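In full-length UniProt numbering, the protein residues as written are 1 to 412.
Backbone N, C-alpha and C define an ideal beta-carbon position, used for all residues, glycine too.
Model, not experiment: these values are computed from the prediction.
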């Protein structure tokens, strides 16, 4: 059964009924969960997508949003007020599920992670009560990193920022020798970061197969108010390889989010693996080999995100543990053709193992839980020193473990 509640009270009635009758259930936001947990056979799906309002505060520093909204829907409303918030790279992903478990995106280095931009929430607990974190501030810390482990999130209050325009787009490089090109991109970018690289610029390195063949490139997003401050850095990015195309232009966050979303499929077969690396240069050769071994059909991709600035500040107001400056490596083992899924998944698994064993001291424990909840993940490496806090909050707000689904695949 699929139920689409319209209000928080609808969700509260649903939860009461489900708990009373001992039914299995799932929560669906955007529906992009890489483990497929937004749907389950013989279970109730609480589909949140009709709860998707945006209410901007009088001072325009925060927005109250319905938990079923996706990133493009959110940014459409913020754009009207020349506002933005930190979002991910694919606009049809649900904002809430993205933000509560970390929230990596192109504004991270300037505005912080998704979890850092949550300032309040309303949650339906297992008894069907709607809890406001203004009255339960300890619950807010748990939501920032452990998300739906305590109840159904029906509303978030998030930070917003004045952003009239951004300088954003892609820089593509000649890549006949993909392995060598990507190796050099990683080494050259590592050197560039030593030059006091500004937090106002977000960069991701990528290689995939497009309609015209293999592609190697860098996404570039500057949130400098004065875009002229970003242009010298853009010129340096162009020198990471032999530049063959530059699409970077003055645009808006909404237009860029639409452009980014065009890279994804509406549906796909396969899965994703992730690795968190402290250094690119130490494993640049291995990353080049992984790029070279990428299956030669549309779908799989190697993407590297840079995490610096406020995203790495020690934070006592969340249980999200991964706060060291690092690089998130996405090994996207998916395809729009089911017959190709086995090859892409195998590539992703082998590639992650290669990075882990190349230099164990260069890898942070665990994975990025939103994309990769493999059997290797444990509560200890997910929450780190915040694990006691998570356990205390779980006992307090969900003692019967009704909301076990988010972390049901993790080793105890």
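Exercise. What separation, rounded to the nearest whole angstrom, lies between the Cα atoms of residue 64 and residue 76?
Worked result: Here residue 64 corresponds to residue number 64 of the chain shown, with the count starting at 1. Here residue 76 corresponds to residue number 76 of the chain shown, with the count starting at 1. Cα-Cα distance, rounded: 14 Å.
Give the secondary structure of residue 404 by DSSP, where H, G and I count as helix, E and B as strand, and everything else as coil.
In the chain shown, residue 404 corresponds to position 404, counting from 1. Coil at residue 404, not helix or strand.
Evaluate contact between the segment 135 to 142 and the segment 161 to 174, counting only Cβ atoms and requiring at least three cross-stretch pairs below 8 Å. no
Would you report the Cα separation of residue 144 and residue 318, rounded to the nearest angstrom?
-> Here residue 144 refers to the residue found at position 144 when the chain shown is read from its first residue. Here residue 318 refers to the residue found at position 318 when the chain shown is read from its first residue. Going from the Cα of residue 144 to the Cα of residue 318 covers about 5 Å.
Quick one: Cα of residue 192 to Cα of residue 169, how far?
Along the chain shown, one-based indexing puts residue 192 at 192. Along the chain shown, one-based indexing puts residue 169 at 169. Rounded to whole angstroms, residue 192 to residue 169 spans 19 Å at the Cα level.
Should residue 155 be labelled buried (16 or more other beta-carbon atoms within 10 Å of its own) or exposed? In the chain shown, counting from the first residue as 1, residue 155 sits at position 155. That one is buried.
State yes or no: is the C-beta of residue 91 within less than 9 Å of the C-beta of residue 117? As a working mapping, residue 91 is identified with position 91 in the chain shown. As a working mapping, residue 117 is identified with position 117 in the chain shown. Result no, Cβ atoms of residue 91 and residue 117 do not sit closer than 9 Å.
If I'm right that residue 328 touches residue 305 with Cβ under 8 Å, what's the distance once you round it to whole angstroms? In the chain shown, counting from the first residue as 1, residue 328 sits at position 328. In the chain shown, counting from the first residue as 1, residue 305 sits at position 305. With a Cβ gap of about 4 Å, residue 328 and residue 305 count as contacting.
(request) Note down the Cα distance separating residue 414 from residue 127, rounded to an integer number of angstroms. (result) Because residue 414 is not part of the residues shown, which for the chain are 1 to 412, the question remains open.
With DSSP collapsed to three states, give me the class of residue 36.
Walking along the chain shown from the start, residue 36 turns up at place 36. Reduced to three states, the DSSP call for residue 36 is coil.
Check: Sorted by chain position, which residues of the same chain lie with C-beta nearer than 6 Å to residue 186's C-beta, five sequence neighbours on each side aside?
Finding: Counting from 1 along the chain shown, the entry for residue 186 is found at position 186. Same-chain partners within the cutoff: 280, 284, 287.
Provide the residue span of the beta strand (DSSP E) that contains residue 336, from first to last. On the chain shown, position 336 is the one that residue 336 refers to. From DSSP, residue 336 is part of no beta strand (DSSP E); its letter is neither H nor E.
_Just to confirm my understanding: we take residue 310, look at its own chain, exclude 5 residues before and 5 after, and list those with CB closer than 6 Å. What are they?_
In the chain shown, residue 310 corresponds to position 310, counting from 1. 112.
Contacting residues, own chain, Cβ-Cβ under 8 Å from residue 199 (five flanking each side not counted)
The residue labelled residue 199 in the question sits at position 199 within the chain shown. Result list for residue 199: 109, 110, 308, 309, 310, in chain order.
Can you give me the C-alpha to C-alpha distance between residue 42 and residue 289, rounded to a whole angstrom? Here residue 42 is taken as the residue at index 42 of the chain shown, counted from 1. Here residue 289 is taken as the residue at index 289 of the chain shown, counted from 1. Between residue 42 and residue 289, the C-alpha separation is close to 43 Å.
Practice prompt. Taking residue 359 and residue 282 to be in contact with their CB atoms under 8 Å, please state how far apart those CB atoms are, rounded to whole angstroms.
Written response: Indexing the chain shown from 1 puts residue 359 at position 359. Indexing the chain shown from 1 puts residue 282 at position 282. Indeed, because the Cβ distance is near 5 Å, the residues count as touching under 8 Å.
Beta-carbon separation of residue 263 and residue 202 under 9 Å?
On the chain shown, position 263 is the one that residue 263 refers to. On the chain shown, position 202 is the one that residue 202 refers to. No, these two residues do not count as a Cβ contact at 9 Å.
Inter-residue Cα distance where the pair is residue 403 and residue 146: For the purposes of this step, residue 403 is identified with residue 403 of the chain shown, where counting begins at 1. For the purposes of this step, residue 146 is identified with residue 146 of the chain shown, where counting begins at 1. Answer to the nearest angstrom: the Cα atoms are 11 Å apart.
Item to check | Proximity below 9 Å, CB of residue 292 to CB of residue 182 | outcome: Taking the chain shown and counting its residues from 1, one reaches residue 292 at position 292. Taking the chain shown and counting its residues from 1, one reaches residue 182 at position 182. Yes, these two residues count as a Cβ contact at 9 Å.
For this session: Note down, in chain order, each residue of its chain lying with its Cβ closer than 7 Å to the Cβ of residue 250, except the 5 sequence neighbours on either side.
Result: Numbered from 1 along the chain shown, position 250 holds the residue referred to as residue 250. Counting only Cβ-Cβ distances below 7 Å, and skipping sequence neighbours, we find 165, 167, 227.
According to the neighbour-count rule (16 or more other Cβ atoms, all chains shown, within 10 Å of its Cβ), is residue 324 buried or exposed? Mapped onto the chain shown, residue 324 falls at position 324. So residue 324 counts as exposed.
*Same chain only: Cβ atoms within 7 Å of residue 247, ignoring 5 sequence neighbours per side*: Against the chain shown, residue 247 aligns to sequence position 247. Around residue 247: 169, 170.
Exercise. By the 10 Å Cβ neighbour count, where 16 or more other Cβ atoms means buried, how is residue 7 classified, buried or exposed?
Worked result: Sequence index remark: in the chain shown, residue 7 carries index 7 (1-based). Residue 7 comes out exposed.
Subject >> Simplified DSSP state of residue 71, which is helix, strand or coil >> reply: One-based indexing of the chain shown puts residue 71 at position 71. Here residue 71 sits in helix by DSSP.
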